[in-house]
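Asker: In our numbering, the protein residues as written are 674 to 954. Just so you know, even glycine gets a beta-carbon here, dropped at the ideal spot from N, CA and C.
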DNA sequence: GGCCAGGTGATGG
DNA sequence: CCATCACATGGC
């Protein structure tokens, strides 16, 4: 089945591909402008760009399953217009930032579980080494379907020993976090799908009870796992650095100096976060 | 060699 | 409740 999609808002797929290509585990082709996306049922969909930024169109190829196709649309932000967001920032101090990143959507992670694993692995590590660890993790304990790598199942990781992940050069702490959270998910104690319908605050409170999940990781889950629109992870060092550069201040801004702008930026804080991260890449 | 990285938990006041 | 510190390891 091939579904054809036309969007009535600007959408810059080249930038999406550039961003996705930083993740070595994602199968894509820049020249041919497509991404292969695995869904929860271990089926692969091909998302192919056929239009331009100003006249975006796409095809989604894969089995004709309504729920799966809908989840693909959510992952790629096809289901929400960027017009209201662009309009919202036109008369703010961030207008140049939003013009620079026009047509940049929030792309979600391909699964809720992988969002958390990836976040824990990325904690406090440079991107290069984080990618090395994530790749080893997936290649060792995940599986391949039609050439696309899938993250391991929680059930698989739940049965690992700390030593197993130490071999991949995880720190002891990181290994404990990854296995512990996987055990909670595998046992059914933590149900990410059920959690997904709660509000931001409830989700955060639930997640931070688990060792290895702090405010930053909970924020990542909301922003990149669920695509929630109004998140700004204050503790994130990258965002602080981006604002320091944008505002040309000698020091990184303090939390209060950032939150002072929240009324003006809400309810689209996530887009501010996203474009700030892009601005320092 | 030292500082840093898209942090977190434990500890002490 | 907050400030501070150990943790762990590659990249630069």
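State the Cα-Cα distance for the pair residue 687 and residue 703, rounded to the nearest angstrom.
Answerer: Roughly 8 angstroms separates the two Cα atoms.
Asker: Mind checking which residues open and close the beta strand (DSSP E) that includes residue 731?
Answerer: Segment 730 to 734, the beta strand (DSSP E) holding residue 731.
Asker: So, with DSSP's three-state summary, where would you put residue 782?
Answerer: Coil, per DSSP.
Asker: Report buried or exposed for residue 795, applying the criterion of at least 16 other Cβ atoms within 10 angstroms of its Cβ.
Answerer: Buried, by the Cβ-count rule.
Asker: Nearest by alpha-carbon distance to residue 804: which of 697, 682, 834, 709 is it?
Answerer: That would be 697, whose Cα lies nearest to the Cα of residue 804.
Asker: Quick one: what does DSSP say residue 924 is sitting in, helix, strand or coil?
Answerer: DSSP places residue 924 in coil when its eight states are reduced to three.
Asker: Give the range of the beta strand (DSSP E) segment to which residue 913 is assigned.
Answerer: That residue, residue 913, is in no beta strand (DSSP E); its alpha helix (DSSP H) goes 910 to 919.
Asker: Beta-carbon separation of residue 749 and residue 720 under 8 angstroms?
Answerer: Yes, they are a contact pair.
Asker: If distances are taken between C-alpha atoms only, which option among 824, 868, 819, 675 comes closest to residue 809?
Answerer: Here the closest residue by C-alpha is 824.
Asker: At what residue ranges does the segment 789 to 851 contain a whole run of the beta strand (DSSP E), taking only runs of 3 or more?
Answerer: Entirely contained in the segment 789 to 851, the beta strand (DSSP E) runs reaching 3 residues are, in chain order, 816 to 818, 821 to 823.
Asker: When you compare the CB positions of residue 886 and residue 895, do they come within less than 8 angstroms of one another, or not?
Answerer: No, these two residues do not count as a Cβ contact at 8 angstroms.
Asker: Among the residues of its own chain, which have a CB less than 6 angstroms from the CB of residue 917, if the five just before and after it don't count?
Answerer: Closer than 6 angstroms at the Cβ level, and outside the excluded window around residue 917, lie 925.
Asker: Assuming contact is defined by CB atoms lying nearer than 8 angstroms, are residue 866 and residue 889 in contact in what I supplied?
Answerer: Cβ distance not < 8 angstroms, so residue 866 and residue 889 don't count as in contact.
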